[in-house]
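Colleague: Got a structure for you, written out below as structure tokens; questions coming shortly.
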Amino acid sequence: MKNKPIHEIRLGAIKAAVWRNDTDAGVRYNATFSRLFKQGDTWQSSDSFGRDDLLLLGKVADQVHSWILEHQSQAPVAPAAQPAAKPVPPMQNSAAKPVAAGA
Numbered sequence: 000m001k002n003k004p005i006h007e008i009r010l011g012a013i014k015a016a017v018w019r020n021d022t023d024a025g026v027r028y029n030a031t032f033s034r035l036f037k038q039g040d041t042w043q044s045s046d047s048f049g050r051d052d053l054l055l056l057g058k059v060a061d062q063v064h065s066w067i068l069e070h071q072s073q074a075p076v077a078p079a080a081q082p083a084a085k086p087v088p089p090m091q092n093s094a095a096k097p098v099a100a101g102a
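When we follow numbering that gives the first Met the number 0, the leftmost residue of the sequence shown carries the number 0, and every step to the right adds one.
Below you can see the structure in the form of structure tokens.
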């Protein structure tokens, strides 16, 4: 028997499937993304996205993230299973260099 996602989100041709994984550390959620297209009379899917798909992919990813956060609060992950957040150093803009006066 094939496992089915517990939730799906679709905007246009972009679709996300949310999968629930029960582990010893608690519930984990993962997502897969696909682009749907029709070839002849048959619907196909691809995990490749073109430039014009990326904004919609981001919107679907945002909705999936919100859905997972909402459902994790109902079935929290054990604290030991959550990795500690590492501080991210500030980015330095090496391309922006001061220009000498009169240059």
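Ideal Cβ placement from N, Cα and C applies to all residues, glycine included.
1. Give every residue of the same chain whose Cβ lies closer than 8 Å to the Cβ of serine 44, excluding the five residues on either side of it in the sequence, and list them in chain order.
2. Looking at leucine 111: is its Cβ nearer than 8 Å to the Cβ of phenylalanine 48?
3. Considering only heavy atoms of the ligand SAH, does any lie closer than 7 Å to the CB of aspartate 46?
4. Leaving aside the five residues before and after asparagine 2 along the sequence, list all residues of the same chain whose C-beta is less than 8 Å from its C-beta, in chain order.
5. Let me check understanding here. Comparing Cα to Cα, which of Ser72, Gln73, Trp66 lies closest to glutamate 7?
Modeller: Put simply:
1. As a working note, residue 44 is residue 45 in the sequence shown. Sequence-distant partners of serine 44 (beyond 5 residues in either direction) whose C-beta falls short of 8 Å from its own C-beta, in its chain, are Lys14, Ser33, Arg34, Leu35, Phe36.
2. Any question about residue 111 goes unanswered here, given that the chain covers just 0 to 102.
3. In terms of ligand content, the structure shown is empty, and the ligand SAH therefore cannot be addressed.
4. Along the sequence shown, read from residue 1 onward, the residue named residue 2 stands at position 3. Answer for asparagine 2: Trp18, listed in chain order.
5. Indexing the sequence shown from 1 puts residue 7 at position 8. Among Ser72, Gln73, Trp66, the Cα nearest to that of glutamate 7 belongs to Trp66.
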